[in-house]
Each structure stands twice: as C-alpha cells, then as structure tokens.
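Residue numbering for the sequence shown follows the working numbering, starting at 6 and increasing by one per position.
Beta carbons: idealized from backbone N, C-alpha and C, even for Gly.
This structure is a prediction, so every number in the text was calculated from the model and none was measured.
Structure first, commentary second.
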Amino acid sequence: MVNLLTGPKGSGKTQQMIDLANQQAKACNGNVVFIKNSHRDTSSVTFDIRVVCMDDYEAITNIDEYIGFLYGMYSANHDVECIFIDGILKRDHIKAEDMPKFVDRLKKISSQCGIDFYVSISADKNQLSDVDLTDCKVLN
C-alpha cells in the first residue's frame, strides 16, 4: 500500500510521519525505514527505526535513481516492511510532475515486495491530480 501525506509546507507533515513511523515500529514484525533529506530532527524517531539521510547520497538525482535506491534497500534486507519517505519534493531534482511516475513505481514495489510506503508531499491533493490514486491512501 502507498500512503500519501499531503499538505502545504509547514503543516506538520514531518511530525505526523515520525509519529506514524514510531507506531509502525511497535506494530510491525519487520523493519521500518525512515528516509529524510537531512540529519536534522532524527532524535524523535525511535531507536529501532533505520534512519537514512539522503544528504549522504547526493548522486541520487532523479526518480529512476531513487527507485533503484529503494530496490537496493529491499534487496539488502527482505525484512523491510515499511518505508517512510519524508519530503520527497525537497530533493533538488525531483519535481511535482515526477509524482505520477514515482507513485506508480512505489505501488509496483509495494505489490512485489510487500512493503507499505508512507510518502509526505508538500502539495495539496488537487495539485496531484495526475497521480493515479488507485490502491493509494491519502492521509491529511
């Protein structure tokens, strides 16, 4: 399942993502991964969640490379059950127009690998009208 948390910048999406991740860490049998853009604000993520900071992976500059990164993460650890991606549009080379392709590919990975994705997007739901929300849950 792909869960999308949408809303304008500064609306509290990151804290919601952290709270959801902490809840999933308690509920899941497998591993939870939290992907952030920087090393800031990682102290409120519970210790048993794997935090990945994309600042450490500057070579990932587009959606295809990001998807490859996610596949690599799963191939290294088949126990990954949930992946939280905070602020996907904060990456310099990823734009709102990339979201339809990105969400479709996440749905494919979710189906193939049994991973639940939670993605925060700094945009209103109506700005994502090109995204196929079939098999997605939009959280507010």
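Practice task
Using a threshold of 7 Å, state whether the C-beta atoms of Asp91 and Lys41 are closer than that.
Solution key: Residue 91 sits at position 86 when you count from the first residue of the sequence shown. Residue 41 sits at position 36 when you count from the first residue of the sequence shown. For Asp91 and Lys41, yes; Cβs fall inside 7 Å.
Handout entry: Proximal residues to His44 (C-beta, below 8 Å), its chain only, five neighbours per side dropped
Key = Along the sequence shown, one-based indexing puts residue 44 at 39. Residues Cys58, Asp60 of the same chain have their beta carbon placed closer than 8 Å to that of His44, with the five preceding and five following residues left out of the count.
Handout entry: Bridge partner(s) assigned by DSSP for Leu9
Key = Position 4 of the sequence shown, counted from the first residue, corresponds to residue 9. Val124, Val143.
Practice task
Give a yes or no on contact between the stretch 16 to 25 and the stretch 133 to 140, applying the rule of three or more CB pairs nearer than 8 Å.
Solution key: Flag = no, the stretch 16 to 25 and the stretch 133 to 140 do not touch.
Practice task
Using three-state DSSP, classify Lys14 as helix, strand or coil.
Solution key: For the purposes of this step, residue 14 is taken as residue 9 along the sequence shown, with counting starting at 1. Correct three-state label for Lys14: coil.
Problem - Backbone secondary structure at Cys33 - three-state DSSP - result: For the purposes of this step, residue 33 is taken as the residue at position 28 of the sequence shown. Correct three-state label for Cys33: coil.
Problem - Closer than 6 Å: Cys87 CB and nearest the ligand PLP heavy atom - result: With respect to small molecules bound, the structure shown includes none, and the ligand PLP cannot be examined in it.
Handout entry: Length of the line joining the Cα atoms of Arg191 and Asn131
Key = For residue 191 there is no data in the structure shown, the boundaries of the chain being 6 and 145.
Handout entry: Ile120 to Ile93 span [Cα, whole Å]
Key = Reading the sequence shown from its first residue, position 115 is the one you call residue 120. Reading the sequence shown from its first residue, position 88 is the one you call residue 93. Going from the Cα of Ile120 to the Cα of Ile93 covers about 18 Å.
Exercise for the section: Return the Cβ separation of Arg110 and Ile72 in integer angstroms, given the expectation that the two are a contact with Cβ distance under 8 Å. Expected result: Along the sequence shown, read from residue 1 onward, the residue named residue 110 stands at position 105. Along the sequence shown, read from residue 1 onward, the residue named residue 72 stands at position 67. So it is a contact: roughly 5 Å between Cβ atoms.
Practice task
Output the boundary residues of the beta strand (DSSP E) element that contains Glu86.
Solution key: What you label residue 86 is simply residue 81 of the sequence shown in a count that begins at 1. For Glu86, the enclosing beta strand (DSSP E) covers residues 85 to 90.
Exercise for the section: Count the other C-beta atoms from every protein chain shown that fall within 10 angstroms of the C-beta of Ala146, then say buried if there are 16 or more, exposed otherwise. Expected result: The requested residue 146 is not part of the displayed model; the chain covers only 6 to 145.
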